[in-house]
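Engineer:
Protein chains: 2
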Amino acid sequence: MVSRPAGDGKTGTRSVTLATVARAAGVSLPTVSKVINGRPDVAPETREAIARLLAEYGYVPRAVKRSVARQRILDLVFDSLGSAYSMEIINGVTAAAAEAGYDTVVGLTPNDPHGVQWASRLSQSGRAGVIVVTSAITAEQVAQFRRAGVPLVVIDPVDVPEGVPSIGATNWLGGLTATEHLLGLGHRRVAIIGGRQNALCARARLHGYHAALDAARIEPDAALVRHGDFGFELAFEHALALLDLPERPTGIFAASDFQAFGVVEAARVRGLRVPEDVSVVGFDDLSISRWAAPPLTTVHQPLVKMGRVACQTLLAMAAGERLESQRVELATHLVARESTAPPRAG
Amino acid sequence: MVSRPAGDGKTGTRSVTLATVARAAGVSLPTVSKVINGRPDVAPETREAIARLLAEYGYVPRAVKRSVARQRILDLVFDSLGSAYSMEIINGVTAAAAEAGYDTVVGLTPNDPHGVQWASRLSQSGRAGVIVVTSAITAEQVAQFRRAGVPLVVIDPVDVPEGVPSIGATNWLGGLTATEHLLGLGHRRVAIIGGRQNALCARARLHGYHAALDAARIEPDAALVRHGDFGFELAFEHALALLDLPERPTGIFAASDFQAFGVVEAARVRGLRVPEDVSVVGFDDLSISRWAAPPLTTVHQPLVKMGRVACQTLLAMAAGERLESQRVELATHLVARESTAPPRAG
DNA sequence: CTGAAAGCGCTTACAG
DNA sequence: CTGAAAGCGCTTACAG
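From first to last, the protein sequence lines are chains A and C. Here the first sequence is numbered in our numbering, starting from 1 and rising by one per residue. Here the second sequence is numbered in our numbering, starting from 1001 and rising by one per residue.
#1: Would you mind giving the Cβ-Cβ distance between residue 301 (chain A) and residue 277 (chain A), rounded to the nearest angstrom? I have them listed as a contact below 8 Å.
#2: According to DSSP, simplified to helix, strand and coil, what is residue 9 (chain A)?
#3: Quick check: what's the CA-CA separation for residue 1132 (chain C) versus residue 136 (chain A)?
#4: How many whole angstroms separate the CB atoms of residue 1263 (chain C) and residue 1192 (chain C), which I take to be in contact at a CB cut-off of 8 Å?
#5: With 8 Å set as the bound, which would you pick, yes or no: does the beta-carbon of residue 1310 (chain C) sit closer than that to a beta-carbon of chain A?
#6: Considering only the beta carbon of each residue, do residue 1186 (chain C) and residue 1209 (chain C) sit closer than 8 Å?
#7: Using 8 Å for Cβ pairs, my map puts residue 327 (chain A) next to residue 160 (chain A). What's the rounded Cβ distance?
#8: Residue 1313 (chain C) and residue 1303 (chain C): beta carbons closer than 8 Å?
#9: Would the beta-carbon of residue 1266 (chain C) fall within 8 Å of that of residue 1230 (chain C)?
#10: When we look at the beta-carbon of residue 197 (chain A) and count the other beta-carbons within 10 Å, is it buried (16 or more) or exposed?
#11: Beta carbon of residue 59 (chain A), beta carbon of residue 105 (chain A): below 8 Å?
#12: Buried or exposed for residue 138 (chain A), going by 16 or more other Cβ atoms inside 10 Å?
#13: Helix or strand or just coil, what does DSSP make of residue 1214 (chain C)?
#14: Does any CB atom of chain C fall closer than 8 Å to the CB of residue 306 (chain A)?
#15: According to the neighbour-count rule (16 or more other Cβ atoms, all chains shown, within 10 Å of its Cβ), is residue 1127 (chain C) buried or exposed?
#16: Between the segment 1100 to 1132 of chain C and chain A, which residues of the former have CB atoms less than 8 Å from a CB of the latter, in chain order?
#17: Keeping to the same chain, check which residues put their C-beta closer than 6 Å to that of residue 2 (chain A); ignore five residues upstream and five downstream.
#18: Step through the CB atoms of chain C and report whether any lies within less than 8 Å of the CB of residue 86 (chain A).
#19: Return the CA-CA distance between residue 342 (chain A) and residue 336 (chain A), expressed in angstroms with no decimal places.
#20: Does the CB of residue 1256 (chain C) have a neighbour CB from chain A at under 8 Å?
#21: Out of C:1096, C:1020 and C:1275, state which residue places its alpha-carbon closest to the alpha-carbon of residue 1182 (chain C).
#22: So what does residue 1327 (chain C) bridge to, in DSSP terms?
#23: Within 8 Å of any Cβ in chain A, is that where the Cβ of residue 1009 (chain C) sits?
#24: When you compare only the Cα positions, how much space is there between residue 203 (chain A) and residue 195 (chain A)?
#25: Can you tell which of A:108, A:221, A:71 and A:102 has its C-alpha closest to the C-alpha of residue 1103 (chain C)?
#26: Using Cβ-Cβ distances below 9 Å, what residues of the segment 256 to 273 of chain A are close to chain C?
#27: Using 8 Å as the limit for Cβ to Cβ distance, is residue 89 (chain A) near chain C?
#28: Using CA coordinates, which residue listed in A:227, A:143 and A:268 is at the minimum distance from residue 243 (chain A)?
#29: Closer than 7 Å by C-beta to residue 1288 (chain C): which residues in its own chain qualify, once you throw out the five before and the five after it? Chain order, please.
#30: Could you tell me the boundaries of the alpha helix (DSSP H) in which residue 1283 (chain C) lies?
#31: So which residues on chain A does residue 1071 (chain C) lean against when the C-beta distance must stay under 7 Å?
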């Protein structure tokens, strides 16, 4: 990494032009121009040296800078695309972006091993910024975005990266509320099927569960704590195992709605009724969950709103505003529907 | 509209520069530059005259032309965003686009009354083309896209616009298959809850239903034919009414999975079991439908594939290739799961 | 309010 | 393969 005046386009320093890079590379202006335009007549070593400098200096052609300024596009990337969860985030982000006159490119987190080119590619194509959802993002990537001057916001990150604004929900409180709901109905054997173990939000929900048991002075039972991956299949397997326990739980808190569907299906397969034989609480409140049979009791997480807030935060950063807070947690609340009921006197 | 050499950037003519417009307006170069950059020091009449010429000549700054050429973005627009249906289309389009090195902007169909600016805005921002999903599109809009040179493809359109490639599924055959499945199980009173009545695909599914009854020599009963809007709520109401009929149907074909969930919930509310008391077939096979309780029997529609094909078709058009066919219908097939069974001997 | 002149960032054609 | 020179499209500072 070459040391250079940290030209972020705002603080004093001259903006990076072809000449800047040419000087740094010790070559002439035309040579740098050729590299940028992919002309063949440049020696491989020269090309590579220049390419590296270009990236390090975060060079953006003036042409691009200008056209890009009026382009108004932001990127929204997921580690996987296809679930109702993603759909709701997309919904919120695109709506807030459209209101501000921005278009939203939707895609997957690029999987180049080091992700070296991602930030500079985005900066070169003049994106206003990037919102990264439920993905792991490395400190190195964060540094690249910062260097390239591309604002970055994360939603439900695996870990909250240092210095990056992150949007989430009150997961701990949500986990607490879900569990308290079951306890309040009179359940004493309450199981949890947690989400992906390394995800921050999953850990928070699990701690909420434990806090509720604790407050109710119920001894936690390791046999009732299972770790899923937020998906249906694995939760289905876990639920089968839980329901086959000699002393089976009467209430199950699943850390996502999809996992809750897995529990409901497992109950059906075992000939148990929901909520008569077993109560199920989910987490997310996807729009489909009120259409489940039975309509699912779940912790509402304002996904559309989270998308909106992420977008607004990003645009504020792009506009150079100071953020009030690096971490926003939007409120969750329990939506009691028909998948929970008091346990049968047993 | 001033007559001018139709400079589309390809056929011979010099490209339109600031100088072209300045000459036409009879002003100097700097004056045109000021108008473009919104500087205040231009007389209102001058400004307006220049602005008009700029539009007529379709002036695009060289800066923009260049950055746009390497931009590779296409647009994917929906009439509404949020359902699992949209998610699967997004999934297919973004995947195929990414493979071809394109980014996908996801958004809603703009609602400016005449949509006059839409096509030209897209062409000016250099989009490779637009995929329009489940929306009504007017002949006037189609003409505008053609004029602006922006390729257009539709998925499941309300009507197939003349001369526009459209992607769909074998909806008639799907409706036939779904109904035959119920008849094959021994059902004789089979109801349908159709989709939005004006949508092409809904009409095809309804005709498939009638064709199956016809082939089985079953007299259609108008009381068993209901028109929904593809959504849960209205289907729920219709299903309640159907189940309250003196001689209620033993099988119900819903023209979407969401509608099928409405039927399942209506049955639950009426204390009827699925499939023991009433069989339900959906249409779409959303990924969530195999996780429903009970897992839903439905007609699989390859939504992800449809998105892929739409994207490939669009990129072929953008590349100037001739299309094999203006209308592509991808195959549907029945997925028998647990929401259907023979009727009880009654 | 307008435009002649200078200048900026970049590209192109070509000599070496 | 490289770069000095010419040139292009556009913007800026300023005289009128």
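Glycine residues also receive a C-beta, built at the ideal position from the N, C-alpha and C atoms.
Structural biologist: The answer reads as follows:
#1: A Cβ-Cβ separation of about 27 Å leaves residue 301 (chain A) out of contact with residue 277 (chain A) under the 8 Å criterion.
#2: Residue confidence for residue 9 (chain A) is low, a pLDDT of 35 falling below 50, so the modelled location carries little weight; the figure read from the coordinates is stated next. Correct three-state label for residue 9 (chain A): coil.
#3: Going by C-alpha positions, residue 1132 (chain C) is about 33 Å away from residue 136 (chain A).
#4: Contact doesn't hold; Cβ gap of about 11 Å is too wide.
#5: No, residue 1310 (chain C) lies away from the interface with chain A (no Cβ there is under 8 Å from its Cβ).
#6: Contact flag unset, no.
#7: So it is a contact: roughly 7 Å between Cβ atoms.
#8: Not closer than 8 Å, so no.
#9: No, the pair does not count as a contact, with Cβ atoms beyond the cut-off.
#10: Counting the other CB atoms within 10 Å of its CB gives residue 197 (chain A) a total below 16, which places it among the exposed residues.
#11: Residue 59 (chain A) places its beta carbon 8 Å or farther from that of residue 105 (chain A).
#12: It is exposed - the Cβ of residue 138 (chain A) has fewer than 16 other Cβ atoms within 10 Å.
#13: Of the three classes helix, strand and coil, the one that applies to residue 1214 (chain C) here is helix, per DSSP.
#14: Taking a beta-carbon distance threshold of 8 Å, residue 306 (chain A) does not count as an interface residue toward chain C.
#15: If you draw a 10 Å sphere on the C-beta of residue 1127 (chain C), you find 16 or more other C-beta atoms in it, and that means buried.
#16: Residues 1103, 1104, 1105, 1106, 1107, 1108 and 1125.
#17: Residue placement at residue 2 (chain A) cannot be trusted, given a pLDDT of 38 that sits under 50; what the coordinates show is reported in the next sentence. Only 56 meet the Cβ criterion.
#18: Interface residue, yes.
#19: If you draw a straight line from the Cα of residue 342 (chain A) to the Cα of residue 336 (chain A), it is about 13 Å long.
#20: For residue 1256 (chain C), the answer is no, since every Cβ of chain A falls outside 8 Å of its Cβ.
#21: The shortest Cα separation from residue 1182 (chain C) among C:1096, C:1020 and C:1275 belongs to C:1275.
#22: In DSSP, residue 1327 (chain C) forms a bridge with C:1166.
#23: Any reading at residue 1009 (chain C) is ruled out, since the residue's pLDDT is 35, under 50, leaving its predicted position unreliable.
#24: Take the alpha-carbon of residue 203 (chain A) and the one of residue 195 (chain A): they are about 8 Å apart.
#25: For residue 1103 (chain C), the nearest C-alpha among the options comes from A:108.
#26: The residues in question are 258, 261, 262, 264, 265, 267 and 268.
#27: In terms of beta-carbon proximity, residue 89 (chain A) stays away from the interface with chain C, with every pair separated by 8 Å or more.
#28: The option with the nearest alpha carbon to residue 243 (chain A) is A:268.
#29: Same-chain partners within the cutoff: 1084.
#30: Boundaries for residue 1283 (chain C): no alpha helix (DSSP H) harbours it, while the beta strand (DSSP E) harbouring it runs 1279 to 1284, taken from the DSSP string.
#31: By Cβ distance, chain A contributes 125.
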